[in-house]
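Worksheet: the structure to be examined is printed underneath.
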Amino acid sequence: MFKLLETQMIVPNIHLVTLEAPAIASEIRPGQFVIVRAEEEGERIPLSVSDWDREKGTLTIIFMNVGNTTGKLASLRGGQNLPTVVGPLGNATEIEKFGTVLCLGGCYGIGSIFPIARGLKEKENKVITVIEARSSYLCYWEEKLEQVSDRIVSITRDGTKGYRGHVDRLPEIIKSLDEPVDRMIINGCTFLLKKGSDASRPLGIKTVVSLNPIMIDGTGMCGVCRVTVGGSTKFACVDGPDFDGHQVDWAELLQRRRTYMPEEVTSMRTSRCEEHVVKR
Ligand SMILES: Cc1cc2nc3c(=O)[nH]c(=O)nc-3n(C[C@H](O)[C@H](O)[C@H](O)COP(=O)(O)OP(=O)(O)OC[C@H]3O[C@@H](n4cnc5c(N)ncnc54)[C@H](O)[C@@H]3O)c2cc1C
Ligand code: FES
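Going from the sequence shown to our numbering is simple: count from 1 and add 9.
The following block contains the structure:
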């Protein structure tokens, strides 16, 4: 059992949990993820680790409530337990002295880009962090990110903070910097990863994306997380989750992520009905 120490909704629909998992906390590196179950009979879902404290033996995860399992996770409170937390899984993000690195995070990726930015800063890179959100009220962890970044830039779709629009503003942002960007690293939803890679391709900036296909075991056994990168089949859980964003077959990934959409809708409706019946 993994005890939850803190649970809170940090901005609408985005939740933070801090839990006790000393064995994982002692090994985890930026870009890696865990697989969790919110309840004993529940499904397993992969979640990136957004921060950790090796001394206290804790992990912090930021997630978006999008369906059945994330909904259950969001309903848990400090003092309750998670039955399963497996990790660290996946390969750590490559962190070297690259020069100037642009870290782009949107939705849950604003959290998961934090340890990557911190690692890059420790390696003496110049770190430009770009936060992407629909509106200013959905931006979070700015102070935390400021501590590990040389500059923070926001893009909001409604223009309430920073640049107005989407990541198609990236070329302009990059142009406004004093020096060329040597690498871009993107964390967040598949749409952001794709749009960010599309924006950086004409600029010739190497772009690393943390892919989020559907996963089950997270150890290379089931094949569910199959993605095509540079024409080759890869399993995101063991070969990734980081890949070259300019080589990913995005159409296939977006289509595969929708495979179980009807079942996901049924699962959410059924579980909400069950909760209602139990409460009554
Ligand atoms: C390596 C990795 C790291 C991730 N890190 C985070 C994170 O830090 N925070 C966060 O909010 N989300 C993260 N995700 C996505 C997260 O796993 C899904 O949002 C979650 O599984 C949805 O489950 P659900 O039952 O609540 O929703 P569902 O209703 O089941 O699904 C909603 C959406 O999530 C996708 N999804 C469903 N099951 C899975 C699964 N087992 N694996 C991956 N995607 C799935 C579906 O394509 C669907 O579009 C990550 C995914 C991967 C692969
Ligand atoms: S999740 Fe099963 S092979 Fe990757």
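Ideal Cβ placement from N, Cα and C applies to all residues, glycine included.
These numbers were taken from a predicted model, which means no experiment stands behind them.
My assumption, with CB atoms under 8 Å, is that residue i sits in contact with residue j. Please give the rounded CB distance.
{"i": "Leu202", "j": "Leu220", "result": "7 Å"}
{"i": "Gln89", "j": "Leu25", "result": "Actually they are not in contact, since the Cβ atoms of Gln89 and Leu25 sit about 15 Å apart, beyond 8 Å."}
{"i": "Ile164", "j": "Glu151", "result": "Not quite, the Cβ-Cβ distance comes to about 13 Å (not below 8 Å), so this is no contact."}
{"i": "Gln94", "j": "Arg127", "result": "Contrary to the premise, residue 94 reads as Val rather than Gln in this sequence. Wrong, their Cβ atoms sit about 22 Å apart, outside the cutoff."}
{"i": "Ala142", "j": "Gly115", "result": "7 Å"}
{"i": "Cys198", "j": "Lys170", "result": "Incorrect: roughly 19 Å between the Cβ atoms, too far for contact."}
{"i": "Gly69", "j": "Ser59", "result": "In the sequence as displayed, the identity of residue 69 is Thr instead of Gly. Thr69 to Ser59, Cβ: 5 Å. Contact."}
{"i": "Asp4", "j": "Thr216", "result": "No answer is possible for residue 4: it lies beyond the span of the chain, which begins at 10 and ends at 289."}
{"i": "Ile71", "j": "Tyr146", "result": "No, Ile71 and Tyr146 are not in contact; Cβ-Cβ is about 16 Å, not under 8 Å."}
{"i": "Met73", "j": "Asn22", "result": "6 Å"}
{"i": "Pro39", "j": "Ile125", "result": "5 Å"}
{"i": "Val238", "j": "Ala208", "result": "Their Cβ separation, rounded to whole angstroms, is 19 Å, which puts Val238 and Ala208 out of contact at 8 Å."}
Within 7 Å: the Cβ of residue i and any heavy atom of ligand 3?
{"i": "Val218", "result": "In the structure shown, ligand 3 is absent; the only ligands present are ligand 1 and ligand 2."}
Going by the C-beta, is residue i closer than 7 Å to any heavy atom of ligand 1?
{"i": "Ser209", "result": "no"}
{"i": "Thr165", "result": "no"}
{"i": "Gly80", "result": "yes"}
{"i": "Phe42", "result": "yes"}
{"i": "Met10", "result": "no"}
{"i": "Pro222", "result": "yes"}
{"i": "Met73", "result": "yes"}
{"i": "Ile161", "result": "no"}
{"i": "Asn77", "result": "yes"}
{"i": "Gly99", "result": "yes"}
{"i": "Pro92", "result": "no"}
{"i": "Arg266", "result": "yes"}
{"i": "Ile33", "result": "no"}
{"i": "Ser57", "result": "yes"}
{"i": "Tyr117", "result": "yes"}
{"i": "Ile54", "result": "yes"}
{"i": "Pro250", "result": "yes"}
{"i": "Ile70", "result": "yes"}
{"i": "Glu50", "result": "no"}
{"i": "Ser121", "result": "yes"}
Rank the options by C-alpha distance to the C-alpha of residue i and give the top, closest one.
{"i": "Thr67", "options": "Val43, Arg266, Ile122, Phe107", "result": "Val43"}
{"i": "Ile195", "options": "Thr237, Leu179, Gln17, Lys153", "result": "Leu179"}
{"i": "Gly120", "options": "Val20, Gly174, Lys184", "result": "Val20"}
{"i": "His255", "options": "Arg210, Ile122, Lys81", "result": "Arg210"}
{"i": "Gly205", "options": "Thr279, Val139, Gly171, Glu105", "result": "Val139"}
{"i": "Gly249", "options": "Lys132, Gly99, Tyr117, Pro55", "result": "Gly99"}
{"i": "Glu103", "options": "Leu113, Leu129, Ile183, Ser84", "result": "Leu129"}
{"i": "Met10", "options": "Pro92, Thr279, Lys184", "result": "Pro92"}
{"i": "Gly80", "options": "Ile182, Val58, Gly51, Phe107", "result": "Gly51"}
{"i": "Val45", "options": "Leu263, Met224, Gly240", "result": "Met224"}
{"i": "Glu49", "options": "Asn22, Leu186, Arg63, Thr78", "result": "Thr78"}
{"i": "Arg86", "options": "Val190, Glu261, Met18", "result": "Met18"}
{"i": "Val110", "options": "Val233, Met193, Glu133", "result": "Met193"}
{"i": "Ile33", "options": "Glu15, Arg63, Arg265", "result": "Arg63"}
{"i": "Val233", "options": "Gly239, Gly240, Cys246", "result": "Cys246"}
{"i": "Ser241", "options": "Met230, Val218, Val257", "result": "Val257"}
{"i": "Gly213", "options": "Asp187, Ile183, Arg235, Ala101", "result": "Ile183"}
{"i": "Ser35", "options": "Gly96, Gly76, Glu15", "result": "Gly96"}
{"i": "Glu188", "options": "Ala208, Asp159, Arg235", "result": "Asp159"}
Which one or two residues does DSSP pair with residue i in a beta bridge?
{"i": "Val43", "result": "Leu56"}
{"i": "Met73", "result": "Ile23"}
{"i": "Trp61", "result": "Leu68"}
{"i": "Met18", "result": "His24"}
{"i": "Glu141", "result": "Gly115, Ile164"}
{"i": "Ser219", "result": "Asp251"}
Cβ of residue i less than 8 Å from any chain D Cβ?
{"i": "Phe72", "result": "Absent from the structure is chain D; it holds one protein chain and no more."}
Query raised in the report: Among all residues, which have a Cβ less than 7 Å from at least one non-hydrogen atom of ligand 2, and in what chain order do they fall?
Result: Working through the chain, the matches are Met224, Ile225, Asp226, Gly227, Thr228, Gly229, Met230, Cys231, Gly232, Val233, Cys234, Phe244, Ala245, Cys246, Val247.
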